[in-house]
Amino acid sequence: MKRFFPLALFFVLFAVSGARREAEAIDTAPTMHPLFPLLDETGTNVLASGGPVSAMRTCGACHDTEFIEKESAHAGAGWDASREKNREPNERPWEEDEEMLGGWNAITYRTISRPKDGAIDLSLPDWIRFFGRRHAGGGPAYRAADGSLLSEKKSAGPDDPEASWFDPETRRREPWDWERSGAVEMNCFLCHIPDPDNDARISALESGAFRWAATFTLARTGVGGRGEDVWRWNRDAFDKEGRVRSDRIRVQDPPNEACGRCHGLVHGDPDMPILLKGCVPDYWTTLTTGQILSPQRISESGINLKDKTDLFRSWDVHAERMLSCVDCHHSSNNPVHGRVFESAGLEHLRFEPRKMSMGEYLKRPSHRLARAGGASARGAGGSGRPEQECESCHLAEKTHKWLPYWKRHTAVLSCNACHTPRLYAPARQTIDWTVLTPERKPRVACRGGGSPESDPLALVEGYEPVLLPRTEGKGAGTLHPHNLISSWFWVEGEPERPVAEARLAETFFDGNGYREEILFALDANRDGFLDEGELVLDTPEKTDAVRERLLKAGAVDPRIAAEIRPYPIPHNVTTGEWATRDCRACHGRDSRLSRAFPLAGKTPGGALPAFTAGASAVPAGEIVRDAEGRLLFVPSTRAMGLHVLGHDASQTANRIGMFAIGVVLLAIAAHGGFRLRAARRRWARRGERFATPADRAYMYSAYERLWHWLQALAILALLATGIAVHLPGRAPFLDFALSVRAHNILGFLVVINAALAAFYHLAGGEIRQYIPERGNFFSQAIEQARYYLRGVFRGEPHPFAKRPGRKLNPLQQITYLAILNLLLPLQTITGVLIWGADRWPSVDAAFGGLPSLAAVHAAGAWLFAAFLAMHVYLATTGPTPSAHIRAMIVGWEDAPKNGDHKEESH
Amino acid sequence: MTTRPTRGRIRILLGAGLVVGILVLPLVLFLPRPEPPKDDPHRSLPKRLPHTDHRALLPGPYPDGPSVTRACLKCHEEAGREVMRTAHWRWEGEPVRLPGRADPVRIGKKTAINNFCIGVQSNWSGCTSCHAGYGWEDETFDFTNVENIDCLVCHDRSGAYVKGESGHPAPEVDLVEVAGSVGSPTRENCGGCHFRGGGGDAVKHGDLDKSLRNPRERIDVHMGRHEMVCADCHKTKNHVIAGRSISVSVDNANRLLCTDCHALEPHRDERMNAHTSAIACQTCHIPLVAIREATKVHWDWSAAGLDLEDDPHSYLKEKGRFVYEQLLTPEYFWFDGTADRYLMGDRIDTAGATPLNAPRGRPEDPHSAIWPFKVHTGRQIYDREHLYLLVPKTAGEEGYWESFDWDQAARLGSEKTGLSYSGRYGFAQTEMYWPLTHMVAPKEKSLQCADCHAPGGRLDWAALGYPGDPIRWGGRKGLRAAGPPWEEERR
């Protein structure tokens, strides 16, 4: 008895906890499911044997439970995977794989011990007692690693990793009697009946009454309950043939609550406001990410949430719209959801009429549940599960017509990136196992304003998740919202493994609380207590002191390890009204894509955390420490390989561009100033301003003028909208999306106009105007330059007077040639390619993608702007400042007499 | 020389226009146009001029109500004739043909039977304090005399006007002060009668009570958030006020609809817009009524006359036993806007409850929609021999409220109604249906999918004629053919 006290203890606990409740009234509407007897392990009716129910036998009478058990990740917990010895070694030597059984995370901290570990921390029975609350039974809790049934396993002694346990009474490992405890069979009832008693099931597992776990799941159905000291079946709940009455056990599809029992807070009751006790590990995904699955409006919830009354969106639109978890996460061979020919490559068919019949399906429903593609947590049941994408149901293109560059957006963003803009419940931020709180728990912190002390009055603000590229699935590479949980913990030995929880406790505590050495090292104000600021290893002295203690407690070479684990956020989706839809949320200096995401307030032991290998997100960004010593993760769009318009403008290029324009403007100011002064002197000398025109020449044809002004206005508008796209902060009066579209249209207008003008010039021979005179060009160019530097101040005539047959001087010719043959084509090609990012992304990629295209285009724009300034200024260097400009308007220009190099004043 | 610059200038302007035109045209053609708002109800709000101050125009003195009316009519010459054509004055409508009845019938407050205070006839002095006239104390009231019109009950803005017995101004009212205050009707004017239907605040409608005088937006979004008054929706022309109720009218004339101001498909979400073909706006947007004040849901006259402890919300010796309910969840029925009507002398259903105004509507009828109703059940006096409902004399001399003698009340009542009374009376169960259309909640509080589509939701699909929840079985236009996927695509 001594050897196996938990089972006895369990019945005592069970009686005290009052788990035997009156069967609650259950919806008695007729069910399709036939009546069935409850069978025990041997296939005998439990009414006859009085033993515990076996779901494998009971449900197995009709359904292929062996098949289901092998297929279901909920049973397997990665058990198959853990037997594969040829897996790639993980960076963490103590972690077998990324599945439930072999994986490790800082929240639960413990993981099953392996033979190579040397000492056993968590044997298989220990694992079941610790992790069984979130495991549906079967798999590793049913069969030993060699495939034999655990219930027939004999213990090889207190060091048998599959058949020993840590007895907290004796504080020693003892052999485990599997024959007596029985194995934990896959528990169909847990998900498939309306009101399973999960608490009773968990206490059965924790006390080691494994065989009874499924039976106690039925505690609220009224089919039985605790008698004097053992479970007694209630004959009234069965019919004459020994079958359960349908009003006692109604077999059904798993309701959302069934999934929520292990996966997160699910709340379906519209009249009962949601309450949440801080970021405490009652609900897994709610703890890791702050997701709550409920149709309730957030404003109606009971959470003390900032600005709650304005949040009349629901927690999750799919829950609001009456979808249940299994509508998306359906069994992969469910013919209702059958997606056909996805991979069969039969392009000539669109429908497969030869579906599995309902009967076949019900015999062998695979229980490989479709999972969120790419957004799945690490592991989660391995391969072979169909991916469920938003696109499986949604034709998003139909509803996103307002969004420019739709394809580009969906190529780089997951739907959740915009449609899960914020989480409104607190989530874990840091877990620090380098110290233990007086409750022997790690030091934890929450983001989103949640209090780890489960204070329901703490003000919750929620948080904006960080957008990082996914690593898995069809949506790999797209930015997806994540929470990042940073953790610090002691590791020891070689290969390293986390210091066992028991050893940590021994390090920090003796029988009376914190050990004196620990208090001495950490209690800075010597008040005998470790307050929040003291209980953290923020100095080398403190770290060393704890390390000393760890060594004393038997740890080998203890050191602090740190990691960041990203947790993807596939749920808490909202409708367009609440989604991120303001362009400038991302397309601006303060882009949502690169907003710093807090990691931790302190850095225990100075260990900088790194992303876990095989994480679901790419660590695109860097970890920085701010002035107050807090750790932040700053995502980088560059590291994501993105160029986000309006955000990723190269500051260096912009500065150079602005500097160039500044220089041009300064030069213009200086040159213009000198010209003005020189002109004033001449006026004073001669008493007249400008010469009367000698002659009038028809300089520009109507088409030339049209062409010119059209191009001028279009380019000005392009510059304005370009600034609005490139540097939205500088043009807040221009709407971003409108500017993007207008810029594209204007760009094409400029190209068309240029093409027509080129045709005009070529066809009419006017192109000759642009061709420099061969042979004399350089001397003429120098002459023209000398004029601009000297002659123009003296009022000398132009060296190459403008006349209809020769409008351009040599410097103009070379400039225009450069602009028309280099700059304009460059802008056109880069512009069209940027425009084409939506249409032919692969072509863009060949040119280096947006990051290089946008940079070149921006540089070209600066050059164009500089040219424009110069062009306008030089247009004032005619006989009178307005002469050229006037000519470009009316066509006629006052000009010196034909070919005469006369002075201004005759 | 003088014409050239002008011509040149015109050419320049034309040229500039051409350049700008060529530049702007593609922008106009290719830039997406901003979508007009789906719903712009503010456009329909009436714009009112500030009302003339009447204090100087109406100096008085006014010895009685009719003398004020004479003063009003001096300027508003047409008003008298207009009012005399309205239901507010006549308390009866135009003759209407009803299915199942040979002759057209006239129905209105004047002759209708309900299951609250039962009927006006023989009880004029009590009931007509809500008539827009002076001195209706018996069947001899002169409906052709303009001077009997009570202008003040609707147009008083002093708040000091009170009507007494038979609709006369209460003696303490200063008519000069009241007459000087007149203006367009406020919530108080309408509410003075309509909030108090059934003999007290909140009794009758459930969606009309004094909490609407100055409501918070949770109670009524139109009045609370947008500061609207009754007449903003109940638009009035020539004193004919838009709106009707199936308790006193049977035709569909003058009906007021949400879509008079709102778009038929105002939601951003097409899934919600799809609902509007079968669901009245009110169904989702009036999740609860009687939010602040409990409303009467059952009235048992048969229990009257006992010397029990009086409590206006459960028992009164004069009136019998009541059930009141606050935060009332509506009941839902198909409704095409019209109702059957129990008329004086109709045979009652002795086996069950007799509906006095059962709403008409069928799922097959595209003009019917699912509407929210308050259902008021009653037990009221009927003739055991003739098997019809009686109008007892309750108010006034020798009425039931003085004598507590049902037999005498029935006899006195029948003398006025002209329905013969056999001398044997009993109490019959009746039902009245009150379509709910006020107390519209803000959109943030409207119903959500789960309110109807979750198991145990508000709508009883089978009773409404659906094979199952339309979310799975499809809407009323027949079950969607569960065809192969390309059928969906082709649509």
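The listed protein sequences correspond, in order, to chains H and Y. What the first sequence shows, in the working numbering, is residues 185 to 1090, in sequence order. What the second sequence shows, in the working numbering, is residues 537 to 1027, in sequence order. All C-beta atoms in this analysis are idealised placements derived from N, C-alpha and C, irrespective of residue type, glycine included.
>> Buried or exposed for residue 535 (chain H), going by 16 or more other Cβ atoms inside 10 Å?
In response: Classification for residue 535 (chain H): exposed.
>> Could you tell me which whole beta strand (DSSP E) segments of length 3 or greater appear in the stretch 888 to 973 of chain Y?
In response: Segments of the beta strand (DSSP E) lying fully in the stretch 888 to 973 of chain Y: 905 to 919, 961 to 971.
> Given that residue 926 (chain H) touches chain Y, what residues does it touch there, using C-beta distances under 7 Å?
Replying inline: Simply 563, 567.
> Residues of chain Y with CB under 7 Å from residue 496 (chain H), in chain order?
Replying inline: What residue 496 (chain H) touches in chain Y: 980.
> Rounded to the nearest angstrom, how far is the Cβ of residue 865 (chain Y) from that of residue 994 (chain Y), given a contact under 8 Å?
Replying inline: Contact annotation, residue 865 (chain Y) with residue 994 (chain Y): C-beta distance approximately 7 Å; criterion of less than 8 Å satisfied.
>> Cβ closer than 7 Å: which chain Y residues qualify as neighbours of residue 759 (chain H)?
In response: Neighbours of residue 759 (chain H) on chain Y, chain order: 805.
> Under a Cβ-count criterion, where at least 16 other Cβ atoms within 10 Å of its own Cβ denotes burial, should residue 576 (chain H) be classed as buried or exposed?
Replying inline: Burial call: exposed.
> Would a C-beta distance cut-off of 8 Å place residue 814 (chain H) and residue 785 (chain H) closer than the cut-off?
Replying inline: Cβ atoms of residue 814 (chain H) and residue 785 (chain H): closer than 8 Å.
> Is it right to say residue 835 (chain H) is buried, meaning 16 or more other beta carbons lie within 10 angstroms of its own, or is it exposed?
Replying inline: Residue environment analysis places residue 835 (chain H) among the exposed positions, since fewer than 16 neighbouring C-beta atoms fall within 10 angstroms of its C-beta.
> For residue 647 (chain Y) versus residue 703 (chain Y), is the C-beta distance shorter than 8 Å?
Replying inline: No. Outside cutoff.
> Could you give the residue range of the beta strand (DSSP E) that holds residue 783 (chain H)?
Replying inline: Here the beta strand (DSSP E) through residue 783 (chain H) covers 781 to 784.
> So is residue 504 (chain H) in contact with chain Y if we call contact Cβ pairs under 8 Å?
Replying inline: Taking Cβ atoms only, chain Y reaches closer than 8 Å to residue 504 (chain H), which makes this a yes.
> From H:424, H:346, H:302, pick the residue whose C-alpha is nearest to that of residue 231 (chain H); which is it?
Replying inline: Checking every option, the nearest Cα to that of residue 231 (chain H) belongs to H:424.
> Sorted by chain position, which residues of the same chain lie with C-beta nearer than 7 Å to residue 1062 (chain Y)'s C-beta, five sequence neighbours on each side aside?
Replying inline: Coverage of chain Y is limited to positions 537 through 1027, which leaves residue 1062 (chain Y) absent and any answer about it impossible.
> So, do the stretch 821 to 828 of chain Y and the stretch 980 to 995 of chain Y have three or more beta carbon pairs nearer to each other than 8 Å?
Replying inline: Proximity of the stretch 821 to 828 of chain Y to the stretch 980 to 995 of chain Y meets the contact definition, three or more beta-carbon pairs being nearer than 8 Å.
> What did DSSP end up calling residue 630 (chain H) once you bin it into helix, strand or coil?
Replying inline: Shown here, residue 630 (chain H) sits in a strand according to DSSP, grouped into three states.
>> Less than 8 Å between the C-beta atoms of residue 476 (chain H) and residue 756 (chain H), yes or no?
In response: In this structure, residue 476 (chain H) sits near residue 756 (chain H), with a CB-CB distance shorter than 8 Å.
>> Within 8 Å of any Cβ in chain Y, is that where the Cβ of residue 454 (chain H) sits?
In response: At least one CB of chain Y lies nearer than 8 Å to the CB of residue 454 (chain H).
> Is the Cβ of residue 972 (chain Y) closer than 8 Å to any Cβ of chain H?
Replying inline: No, residue 972 (chain Y) lies away from the interface with chain H (no Cβ there is under 8 Å from its Cβ).
> When DSSP labels each residue in this structure, what does residue 867 (chain H) get in the three-state scheme?
Replying inline: Helix at residue 867 (chain H).
> Which of helix, strand or coil does DSSP assign to residue 550 (chain Y)?
Replying inline: Helix, per DSSP.
>> Against residue 814 (chain Y), what residues of chain B qualify as contacts under a CB-to-CB distance less than 9 Å, listed in chain order?
In response: Looking for chain B here will not work: the only protein chains present are H and Y.
> Helix, strand or coil: which one does DSSP assign to residue 159 (chain H)?
Replying inline: In the structure as shown, chain H starts at 185 and stops at 1090, and residue 159 (chain H) therefore has no counterpart that could be examined.
>> Assuming the contact rule is C-beta atoms closer than 8 Å, residue 601 (chain Y) and residue 686 (chain Y) should be a hit. Round their C-beta distance to whole Å, please.
In response: Going by Cβ atoms, the distance from residue 601 (chain Y) to residue 686 (chain Y) rounds to 6 Å, so yes, they are a contact pair.
> In terms of DSSP beta bridges, what is residue 560 (chain Y) paired with?
Replying inline: For residue 560 (chain Y), which the question treats as bridged, DSSP gives no partner whatsoever.
> Does the Cβ of residue 1078 (chain H) have 16 or more other Cβ atoms within 10 Å, making it buried, or fewer, making it exposed?
Replying inline: Answer is buried; the Cβ neighbour count reaches 16.
> Does the pairing of the stretch 644 to 656 of chain H with the stretch 775 to 793 of chain H give three or more beta-carbon distances under 8 Å?
Replying inline: Yes, since at least three Cβ pairs between the stretch 644 to 656 of chain H and the stretch 775 to 793 of chain H fall closer than 8 Å, the two stretches touch.
> Which residues share a DSSP beta bridge with residue 669 (chain H)?
Replying inline: Residue pairing by DSSP places residue 669 (chain H) opposite H:749 in a beta bridge.
> Using a Cβ-Cβ distance under 8 Å, would residue 544 (chain Y) count as near chain H?
Replying inline: Taking Cβ atoms only, chain H reaches closer than 8 Å to residue 544 (chain Y), which makes this a yes.
> Taking Cβ positions, are residue 628 (chain Y) and residue 643 (chain Y) nearer each other than 8 Å?
Replying inline: In this structure, residue 643 (chain Y) lies closer than 8 Å to residue 628 (chain Y) by Cβ.
> For chain Y, is any of its Cβ atoms less than 8 Å away from the one on residue 541 (chain H)?
Replying inline: Residue 541 (chain H) has a beta carbon lying at 8 Å or more from every beta carbon in chain Y.
> What's the C-alpha gap between residue 492 (chain H) and residue 716 (chain H)?
Replying inline: Near 30 Å, if we compare the C-alpha coordinates of residue 716 (chain H) and residue 492 (chain H).
> Is any beta-carbon of chain Y found at less than 8 Å from that of residue 419 (chain H)?
Replying inline: Chain Y, which has no Cβ nearer than 8 Å to the Cβ of residue 419 (chain H), makes this no.
> Ordered along the chain, which non-local residues of its own chain (more than five positions away) have a Cβ less than 7 Å from that of residue 661 (chain Y)?
Replying inline: Taking residue 661 (chain Y) as the centre and dropping the five residues before and after it, the same chain places the C-beta of 673, 701, 702, 931, 932 closer than 7 Å to its C-beta, in chain order.
> Leaving out five residues before and five after residue 791 (chain H) in sequence, what residues of the same chain have Cβ atoms less than 7 Å from its Cβ?
Replying inline: Within the same chain, Cβ atoms closer than 7 Å to the Cβ of residue 791 (chain H) are found at 672, 744, 745, 746, the five residues on either side in sequence being excluded.
> From H:748, H:1067, H:446, H:1002, pick the residue whose C-alpha is nearest to that of residue 616 (chain H); which is it?
Replying inline: H:748 is the residue among H:748, H:1067, H:446, H:1002 whose C-alpha sits nearest the C-alpha of residue 616 (chain H).
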